[in-house]
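Residue numbering for the sequence shown follows the numbering used here, beginning at 69 and increasing consecutively.
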Amino acid sequence: VPTIAIVVHDVTDPYFAEIVRGATAAASSRGFLTVVCSSDRDPMTELRYVEMLSLSRVSGVIFAGGGLDEAHYRRRMGDYARSIAHYGGAIVALAPRFERWPAEMPDNRTGARLVTQHLLDLGHVRIAMISGPATLRTSREREVGYLEAMKAAATDPVLVRADFTTAGGAAAMARLLDGGLLTAVFVASDTMALGALAETRRRGVAVPEDVSVAGFDDIPGLEFVHPRLTTVHVPMAELGAAGVQRLMRLLDGEDRSTSTRLHAVELRVRESTARPRDLED
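As structure tokens, this is what we get:
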């Protein structure tokens, strides 16, 4: 049975779970078995998976997570990618990477700019961003959109980092609240935003009355979160399916391009963002 692999940072993260859902459905319709490799956000584990996949001669590999800016990682990943290409396999990326692979990606930069502009339009000036690790390309792209909007508004940015986990989001929000003065926080993923909201509840900080919080991804289940989270909608299942379709075109010889196709994102304004208290009528 022809097999493709999907490499994710954390299969329990709803963002990656939705991508896997879309990809497996698309692969099954073409008669391909799908193997999911979850690295638990450990680059060395990811490398070991890719080495095993190349030795197993899978038909193709889809990378759902962003690439890491680290020399050893990039060198070994390049070696394994060349091995896969050598036997006729194909690779597609669904997140920003340093390798020049064919890619189907969300428009991270535009999405971050949209949500930051939304907070600015509400009247917020002191807007912080909780981003991911500096070595991840996804973090960088979302930071660029935030920084562009803040610069255009002549407003000073405040950037703190976490690890794209719920616990990381809570810890980052704690640091921001300890610093005081902020009226809005843009969180670079909904998973981290859920942790940030938990920290505000723990401290008795009202959202959005005391601080507005916005996320990114629009993961499933947000309708059960209170307040309902303002976020950027990423078509996650569509991305997964598009990655498989791109992979099939590569394997069929119909597409030899290494271009990146950006998938549109949308701002979804809900209940977690509002005008700052000092501007309320």
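Just so you know, even glycine gets a beta-carbon here, dropped at the ideal spot from N, CA and C.
DSSP, read as helix, strand or coil, puts glutamate 277 in coil.
Proximity of the region 181 to 199 to the region 282 to 290 meets the contact definition, three or more beta-carbon pairs being nearer than 8 Å. In this structure, the beta-carbon distance from methionine 197 to proline 164 does not fall below 9 Å. With a minimum length of 4 residues, the unbroken runs of alpha helix (DSSP H) contained wholly in the region 93 to 128 fall at 111 to 124.
Per DSSP, reduced to three states, the secondary structure at threonine 206 is helical. When rounded, the separation of the alpha-carbon atoms in valine 103 and aspartate 147 is 21 Å. Counting C-beta pairs closer than 8 Å gives fewer than three between the region 322 to 330 and the region 96 to 111, which falls short of the contact rule. Between the region 289 to 304 and the region 142 to 159, the count of Cβ pairs shorter than 8 Å is below three; the stretches do not touch.
In this structure, valine 312 lies away from leucine 335, with their beta-carbon atoms at least 9 Å apart. Separation of glutamate 138 and threonine 203 (C-alpha to C-alpha, rounded to the nearest whole angstrom) is 7 Å. With respect to the 9 Å criterion, arginine 343 and leucine 190 are classified as neighbours on the basis of their beta carbons. One alpha carbon belongs to alanine 73, the other to alanine 240, and they sit about 33 Å apart. For the region 282 to 320, the full-length beta strand (DSSP E) segments reaching 3 residues or more read 299 to 301 along the chain. Between the beta-carbon of valine 333 and that of proline 174 there is about 5 Å, and that keeps the pair under the 8 Å contact cut.
Of the other Cβ atoms in all chains shown, fewer than 16 fall within 10 Å of the Cβ of alanine 235; this residue is therefore exposed.
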